[in-house]
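Going by the working numbering, the sequence shown opens with residue 6, and the numbers climb by one from there. Input: a single structure, listed below in structure tokens.
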Amino acid sequence: MKLISYRYKDSVAIGALTNGHDITPLSDIALDMVSLIELGAEGLSQAREHVNQANEGIALDDVNLLAPIPRPVRNIMCLGKNYAAHAVESHRARGEKVELPQFPLIFTKATTAVNGPFDEIPYDPGISTKIDYEAELAVIIGQDGRNISREEALSYVYGYTVMNDVTARDLQRQHKQFFKGKSLDGSAPLGPWIVTADEIDDPQNLQVTCAVNGVQKQEGHTSQMIFSIAETIYQLSKGMTLLAGDIIATGTPSGVGFARTPPEYLKPGDEIVCTVERIGSIRNRIAG
6 MKLISYRYKD
16 SVAIGALTNG
26 HDITPLSDIA
36 LDMVSLIELG
46 AEGLSQAREH
56 VNQANEGIAL
66 DDVNLLAPIP
76 RPVRNIMCLG
86 KNYAAHAVES
96 HRARGEKVEL
106 PQFPLIFTKA
116 TTAVNGPFDE
126 IPYDPGISTK
136 IDYEAELAVI
146 IGQDGRNISR
156 EEALSYVYGY
166 TVMNDVTARD
176 LQRQHKQFFK
186 GKSLDGSAPL
196 GPWIVTADEI
206 DDPQNLQVTC
216 AVNGVQKQEG
226 HTSQMIFSIA
236 ETIYQLSKGM
246 TLLAGDIIAT
256 GTPSGVGFAR
266 TPPEYLKPGD
276 EIVCTVERIG
286 SIRNRIAG
């Protein structure tokens, strides 16, 4: 199923997308997406029953799609330099020795960074003029778990979505770490929906792309990840409980703006489209 959060007639609700253009409301099952996720397999079973029994739905064109999880349970967990080519381009752009990470490079984005799949990305030149794009596959955790084995890791995945890990590169350099430069309001467009895990037989076999103003900038494949999704869940859950509804962004392919010659940063009016094969696309414009 494709599960969405949406605004319709001044109300926020969750639903399932059917036939690509109709929504079956699921608010009788849960009030929000995290509550639905916490219901686990039973919640998905009820959702499928609602879809099968629905006589008519709401047209997708009549709603405003929100991020599937507008208010995450906690910060989005992200992997840095998880594609070898991106790790290489990042080090070279900074004049550093090229080294691939031996363990997942983990940082977080604030919950207030979450943005809708088609909403504008805020732009304030008084804060940053070096805004960059990063197309990513994001993983939604479906149940609480700690010390999860590699073999069991994918069974903890509820579904997948698309994220643009928008980054203020100047702030990232100034603060000597990732959090501030990754956490400006609206810097995590997410969506357009959650595709449940049963629809993705192999998450390491998906193309990831990003285009700016119609020109492709990134093209990668999840098979190129240094740390697979299963390995990432294994590493993250060591001694730390993952929660139902957690969002894990799995890294971006090469082609980001700051590593280009000359660097290419986003400016007001630019349109960024991030796509993950079999999941969907998000399309966001830089405000201003």
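For each residue, glycine too, the CB sits at the ideal point set by N, CA and C.
- request: Pull up the CB-CB distance for A72 and S10, whole angstroms please, since I reckon it's below 8 Å.
  value: 7 Å
- prompt: What did DSSP end up calling T116 once you bin it into helix, strand or coil?
  reply: helix
Distance, Q58 Cα to G187 Cα: The displayed chain sequence assigns Lys, not Gly, to residue 187. Spanning the two alpha carbons is a distance of roughly 43 Å.
message: I'd like the span of the beta strand (DSSP E) that includes N289, first residue to last.
response: G285 to R290
- prompt: Is the distance from the Cβ of A254 to the Cβ of L31 below 8 Å?
  reply: no
message: Would you say L31 lies against chain C (beta-carbon separation less than 8 Å)?
response: Protein chains in the displayed structure number just one, and chain C is not present.
Straight-line gap, L176 to A52 (C-alpha atoms, nearest Å): 43 Å
task: With a cut-off of 8 Å on the beta carbons, I'd call I136 and I238 a contact; round off their distance for me.
output: Wrong, their Cβ atoms sit about 30 Å apart, outside the cutoff.
task: Please confirm if the stretch 182-201 is in contact with the stretch 154-170, defined as three or more CB-CB distances below 8 Å between the two stretches.
output: yes
task: Going by CA-CA distance only, name the one from L65, A46 and L44 that's closest to K14.
output: Of L65, A46 and L44, the residue nearest in Cα terms is L65.
query: How should A46 be labelled, buried or exposed, when 16 other C-beta atoms within 10 angstroms of its C-beta is the threshold for buried?
result: Classified as exposed, A46 has fewer than 16 neighbouring CB atoms from the shown chains inside 10 Å of its CB.
message: Between which residues of its own chain and A235 is the CB-CB distance below 6 Å, once the five residues before and five after are set aside?
response: Result list for A235: R155, A158 and L159, in chain order.
task: Indicate whether I231 and Y138 have their beta-carbon atoms separated by less than 8 Å.
output: Between I231 and Y138, the C-beta gap is not smaller than 8 Å, which leaves the two residues out of contact.
task: Please work out which residues of its chain come closer than 6 Å, Cβ to Cβ, to C215, disregarding the five sequence neighbours upstream and downstream, and give them in chain order.
output: Y138, A140, K222, Q223 and C279
query: Considering only residues of the stretch 72-100, which uninterrupted alpha helix (DSSP H) runs meet the minimum length of 4 residues and lie entirely inside it, listed in chain order?
result: 89-98
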